[in-house]
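Enquirer:
Number of protein chains: 2
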Amino acid sequence: MKLNTKSRYAVMALADMAVFSNDNAVSLRDISLRQGISLLYLEQIFLRLKKNNIVKSVRGINGGYILVKSPKELKISDILIALDQKVKTIGCKKDSKKSCNGKSTKCITHNFWDELDIHINSFFENKKLSDLLKNREARI
Amino acid sequence: MKLNTKSRYAVMALADMAVFSNDNAVSLRDISLRQGISLLYLEQIFLRLKKNNIVKSVRGINGGYILVKSPKELKISDILIALDQKVKTIGCKKDSKKSCNGKSTKCITHNFWDELDIHINSFFENKKLSDLLKNREARI
DNA sequence: AAAAACTTGACTATTTTAGTCGGGTATATA
DNA sequence: TATATACCCGACTAAAATAGTCAAGTTTTT
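Just so you know, the protein sequences line up as chains W and A, in that order. Position one of the first sequence corresponds to residue 504 (this note's numbering), numbered consecutively onward. Position one of the second sequence corresponds to residue 504 (this note's numbering), numbered consecutively onward.
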């Protein structure tokens with residue numbers, strides 16, 4: 504049970520932006536160098552972040568990306584949704600007819616997975632990007 | 504971000520046992536039929552559950568498996584650990600020298616993933632198998 | 001003896017992941 | 001206005017993980 508690297512790198516890259524942008528656009532090249540993430544991979548990630556309105560881009564020399572919301576307002580769940588489609592952890596298929604493991608009725612563990620889902624999602628809902636920056640031992 | 508089917512089926516199968524064993528061994532064949540899980544796959548799953556002392560087996564006719572602990576005492580985390588090695592969600596590699604994404608220092612998001620890990624694990628730690636059975640709309 | 005049920009390791013098709021590649025387009029600045 | 005920098009974007013791919021199956025047992029009850 505783990506998050507994929509796209510989501511992980513996205514959070515890392517946006518945290519980097521929050522720290523290093525001084526109201527300037529931050530280039531992927533700089534993020535790549537600081538965080539040790541492939542530039543080509545970052546491009547793919549930021550494409551989706553842009554489409555989902557998490558960042559906006561500035562083209563040309565001295566271009567880069569800018570956070571649309573302030574770190575205080577940007578929920579981690581927004582980031583994950585942008586990359587992952589959804590944060591849904593598991594749970595039974597929502598087919599038209601069959602719901603759980605091919606049965607027409609809810610399976611024995613159905614409610615449990617729903618609870619898990621809520622538990623995890625509320626964590627991401629309640630965390631803001633700015634929360635990641637607090638109390639960090641300054642480095643990078 | 505999702506749980507694998509082995510873990511999911513394990514929880515489902517053990518919940519089934521908790522419901523249907525009346526102090527008797529429950530055969531994988533019966534679980535397979537009731538829960539719609541492949542018998543061959545269940546065998547593989549129960550092998551691990553047995554090795555990890557979650558269930559014990561009774562051979563021969565009318566044989567099957569028996570829960571080692573009562574559902575009230577069996578933590579969901581025990582089940583997941585038996586199948587998954589660990590419930591660790593993400594987090595940075597714990598190499599000897601490099602810790603986070605190839606850097607020698609903790610990465611900017613390191614503490615966040617640790618928190619997430621604790622959040623999720625505490626959910627599984629605090630849930631018992633018996634909790635899944637409460638309030639369920641009786642069916643299966 | 002025979003049937004039910006557990007035991008175990010090996011194997012495999014499919015899907016997902018974690019990227020790379022190639023060929024763009026826009027824009028600031030020298 | 002040339003050019004370097006940086007975003008844009010779809011297509012591709014190697015490797016790993018997943019979700020199983022298969023074969024060939026052994027044990028125990030009736």
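Virtual Cβ for every residue (Gly too), placed ideally from N, Cα, C. Treat the numbers as computed from the prediction; the structure is a model and nothing was measured.
To the nearest angstrom, how far is it from the Cα of residue 631 of chain A to the Cα of residue 587 of chain W?
Expert: So the alpha carbons of these two residues sit roughly 30 Å apart.
Enquirer: May I ask you to list the residues that DSSP assigns as paired with residue 557 of chain A?
Expert: Paired residues: none, contrary to the question.
Enquirer: Pull up the distance between the alpha-carbon of residue 508 of chain A and that of residue 529 of chain A, whole angstroms please.
Expert: Each residue's Cα considered, the two are about 21 Å apart.
Enquirer: Going by C-alpha to C-alpha distance, which of A:610, A:622, A:548, A:543 sits closest to residue 515 of chain A?
Expert: Of the candidates A:610, A:622, A:548, A:543, the one whose C-alpha sits nearest the C-alpha of residue 515 of chain A is A:548.
Enquirer: Within the 8 Å Cβ cut-off, does residue 626 of chain A reach chain W?
Expert: Closer than 8 Å to some Cβ of chain W, the Cβ of residue 626 of chain A qualifies, so yes.
Enquirer: Got a sec? Which residues, its chain only, sit under 6 Å from residue 574 of chain W by beta carbon, not counting five neighbours each side?
Expert: Cβ within range, chain order: 521, 632, 633.
Enquirer: Measuring CA to CA, which of W:556, W:554, W:531 is closest to residue 546 of chain W?
Expert: If we check each option's Cα against that of residue 546 of chain W, W:531 comes out closest.
Enquirer: What residue range is occupied by the uninterrupted beta strand (DSSP E) comprising residue 570 of chain W?
Expert: Run containing residue 570 of chain W: 567–570, per the beta strand (DSSP E) assignment.
Enquirer: Closer than 8 Å, Cβ to any Cβ of chain A: which residues of the stretch 526–546 of chain W, in chain order?
Expert: Correct list: 538, 539, 540.
Enquirer: Chain W beta carbons: is any one of them nearer than 8 Å to that of residue 617 of chain A?
Expert: It does not; no Cβ of chain W falls within 8 Å.
Enquirer: Taking buried to mean at least 16 other C-beta atoms within 10 Å of its own C-beta, is residue 621 of chain A buried or exposed?
Expert: Classification for residue 621 of chain A: exposed.
Enquirer: Under 8 Å, do residue 512 of chain A and residue 544 of chain A count as touching if we go by C-beta distance?
Expert: Cβ atoms of residue 512 of chain A and residue 544 of chain A: closer than 8 Å.
Enquirer: Quick one: does residue 558 of chain W have its CB under 8 Å from some CB of chain A?
Expert: No, residue 558 of chain W lies away from the interface with chain A (no Cβ there is under 8 Å from its Cβ).
Enquirer: So, is the C-beta of residue 515 of chain W closer than 8 Å to a C-beta in chain A?
Expert: It does; some Cβ of chain A falls within 8 Å.
Enquirer: Within 10 angstroms of the Cβ of residue 519 of chain W, are there 16 or more other Cβ atoms? Answer buried if so, exposed if not.
Expert: Result: buried.
Enquirer: Quick check: residue 584 of chain A and residue 623 of chain W, are their CB atoms within less than 8 Å of each other?
Expert: No, these two residues do not count as a Cβ contact at 8 Å.
Enquirer: So residue 518 of chain A contacts chain W; which residues on that side make the cut at Cβ distance below 7 Å?
Expert: By Cβ distance, chain W contributes 611, 612.
Enquirer: With distances taken from CA atoms, which of A:610, A:561, A:554 is nearest residue 534 of chain W?
Expert: Cα-wise, what sits closest to residue 534 of chain W is A:610.
Enquirer: Just reading off the alpha helix (DSSP H) that residue 646 of chain A is part of, what are its end residues?
Expert: Residue 646 of chain A is absent from the structure shown; chain A starts at 504 and stops at 643.
Enquirer: Hey, how far is the Cα of residue 556 of chain A from the Cα of residue 571 of chain A?
Expert: For residue 556 of chain A and residue 571 of chain A, the distance between alpha carbons rounds to 7 Å.
Enquirer: If distances are taken between C-alpha atoms only, which option among W:625, W:578, W:615, W:635 comes closest to residue 506 of chain A?
Expert: Closest option to residue 506 of chain A, Cα to Cα, is W:615.
Enquirer: To the nearest angstrom, how far is the alpha carbon of residue 510 of chain W from that of residue 552 of chain W?
Expert: Their Cα atoms are separated by approximately 10 Å.
Enquirer: Start and end of the alpha helix (DSSP H) containing residue 537 of chain W?
Expert: Segment 531–538, the alpha helix (DSSP H) holding residue 537 of chain W.
Enquirer: Just to make sure I have the definition right: I need the residues of chain W whose C-beta is within less than 9 Å of the C-beta of residue 635 of chain A. Which are they?
Expert: The contacting residues are 611, 612, 614, 615.
Enquirer: Output needed for residue 579 of chain A: all residues of its chain with C-beta closer than 6 Å, excluding positions within five of it in sequence on either side, in chain order.
Expert: Closer than 6 Å at Cβ, skipping near neighbours: 627, 630.
Enquirer: Under 7 Å between beta-carbons, which chain W residues line up against residue 623 of chain A? List them in chain order, please.
Expert: Correct list: 623.
Enquirer: When burial is assigned at 16 or more other CB atoms within 10 Å of the CB, is residue 536 of chain A buried or exposed?
Expert: Label assigned to residue 536 of chain A: exposed.
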